[in-house]
Amino acid sequence: MRKQPARTPSATKVMAMVMAGGQGSRLMPLTEKRSKPAVPFGSRYRIVDFVLSNLVNSGIYTVFTASCLVRALRDAERYGGKDFGTDVLPRMLTSKRIFAYNFADNRVPGTKPYEEHAYWRDVGTIDAYFAAHQDVLGDEPALDMFNPQWPVFSSNYQGPVAKVRRGHIDNTLIGAAAVIEDARVTNSIVRREAVIEEGAEVEDCIIMDYTRIGRGARLKHAIIDRHNLIEHGSRIGLDPEEDQRNWIVTPSGIVVVPRGRSPFFARDSRGYGIGYAE
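Residues 147 to 424 in this note's numbering are what the sequence shown lists, from first letter to last.
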């Protein structure tokens with residue numbers, strides 16, 4: 147069993163408020179079926195996992211209670227608004243002790259010399275989200291996800307490790323139970339239970355959970371959301387005009403294929419037993 151950080155006397159008196167209700171309209175279509183905090187990040191995480199892990203690693207286990215939040219919102223509404231920055235927090239200053247934390251001074255234990263100090267990114271747009279994924283790749287990433295002194299906790303997924311049968315894999319993170327079958331994958335993120343078939347070429351891409359990339363397909367500068375079947379020989383991210391007709395393309399040219407419409411699982415992993423927990 148993982149040993150949890152010890153509660154310090156100061157931490158036991160701290161209650162955290164997590165602002166995790168964003169609609170994430172600028173992250174569409176990734177937020178069409180999920181809230182912004184639930185959007186996947188890296189090879190196994192969600193955006194919200196980072197803030198929740200920071201709280202746990204700091205010994206803070208109590209999250210802002212609903213009753214306290216409702217009281218603060220109602221109080222602010224009586225005076226004309228519910229915006230946290232301009233209404234709620236200023237009103238709370240009249241009756242509560244509120245503190246701000248200078249994140250630029252943050253010192254995370256276990257940070258490597260090559261990592262960016264006090265790493266933080268606003269991933270509010272698809273282009274920013276895609277760029278942040280590049281920060282976890284490479285020999286000396288700006289954000290190294292391996293840090294036993296300050297781990298990022300995630301779901302309790304119990305699937306097996308990834309399987310690479312053959313192929314050329316360069317600078318890529320591969321999630322649990324993913325399968326790569328004699329394909330070429332470069333500078334990419336491949337999440338859990340994704341399958342990349344033989345002859346496929348994937349470059350600078352994010353392949354999300356349960357997606358299958360068909361034989362001989364070529365993908366570049368693309369985000370493929372979960373539960374998708376990319377047909378054999380498909381071309382995504384190579385023809386700007388074709389991509390504009392079929393998919394969503396960001397200002398920087400990132401092609402986004404929305405979440406699959408049917409409950410498709412690349413490894414046929416559902417419907418035959420209890421399966422693996424999310």
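Yeah, the Cβ is synthetic: ideal placement off N, Cα and C, and Gly gets one too. Please read these numbers as outputs of a predicted model, since none were measured by experiment.
{"Asked": "Any 3 or more C-beta pairs closer than 8 Å across the segment 243 to 262 and the segment 294 to 308", "Found": "yes"}
{"Asked": "Local conformation of proline 186 per DSSP, three classes", "Found": "strand"}
{"Asked": "DSSP state of tyrosine 191 mapped onto helix, strand, coil", "Found": "strand"}
{"Asked": "Enclosing alpha helix (DSSP H) for isoleucine 353 [first to last residue]", "Found": "No alpha helix (DSSP H) contains isoleucine 353, which is instead part of the beta strand (DSSP E) from 347 to 353."}
{"Asked": "Backbone CA spacing between isoleucine 400 and glycine 383 [nearest angstrom]", "Found": "7 Å"}
{"Asked": "Coarse secondary structure for lysine 366, derived from DSSP in three states", "Found": "strand"}
{"Asked": "Any 3 or more C-beta pairs closer than 8 Å across the segment 211 to 222 and the segment 189 to 201", "Found": "no"}
{"Asked": "Exposure of arginine 148, with buried meaning 16 or more beta-carbon neighbours within 10 Å", "Found": "Note on arginine 148: pLDDT 48, under 50, position unreliable in the model; the coordinate value appears next. Arginine 148 is exposed by the Cβ-count criterion."}
{"Asked": "Residues bridged to glycine 313 [DSSP beta-bridge criterion]", "Found": "Ala329"}
{"Asked": "Pair within 7 Å by beta-carbon distance, arginine 381 and tyrosine 356", "Found": "no"}
{"Asked": "For valine 401, the first and last residue of its enclosing beta strand (DSSP E)", "Found": "401 to 403"}
{"Asked": "Alanine 184 to tyrosine 191 span [Cα, whole Å]", "Found": "9 Å"}
{"Asked": "Per-residue DSSP class, three states only, for valine 160", "Found": "coil"}
{"Asked": "The segment 327 to 347 in contact with the segment 161 to 177 per 3-pair CB rule at 8 Å", "Found": "no"}
{"Asked": "Test item: CB-CB of aspartate 385 and lysine 366 under 7 Å", "Found": "no"}
{"Asked": "Secondary structure of valine 425, DSSP reduced to three states", "Found": "Here the chain covers residues 147 to 424 and nothing more, so residue 425 does not appear."}
{"Asked": "Beta-carbon separation (whole angstroms), glycine 406 vs histidine 378, contact threshold 8 Å", "Found": "Glycine 406 to histidine 378, Cβ: 16 Å. No contact."}
{"Asked": "Between the CA atoms of methionine 354 and proline 186 - distance to the nearest angstrom", "Found": "8 Å"}
{"Asked": "C-beta contact flag for valine 331 and isoleucine 315 at 7 Å", "Found": "yes"}
{"Asked": "C-alpha gap between arginine 358 and alanine 412, whole angstroms", "Found": "5 Å"}
{"Asked": "Helix, strand or coil at isoleucine 439 according to DSSP, with G and I counted as helix", "Found": "Only positions 147 to 424 of the chain appear in this structure, which leaves residue 439 out of reach."}
{"Asked": "Local conformation of leucine 173 per DSSP, three classes", "Found": "helix"}
{"Asked": "For cysteine 214 and methionine 165, the rounded distance between their alpha carbons", "Found": "14 Å"}
{"Asked": "Proximity to tyrosine 247 [Cα-Cα], best of Ala264, Gly313, Tyr260 and Arg391", "Found": "Ala264"}
{"Asked": "Exposure of proline 287, with buried meaning 16 or more beta-carbon neighbours within 10 Å", "Found": "buried"}
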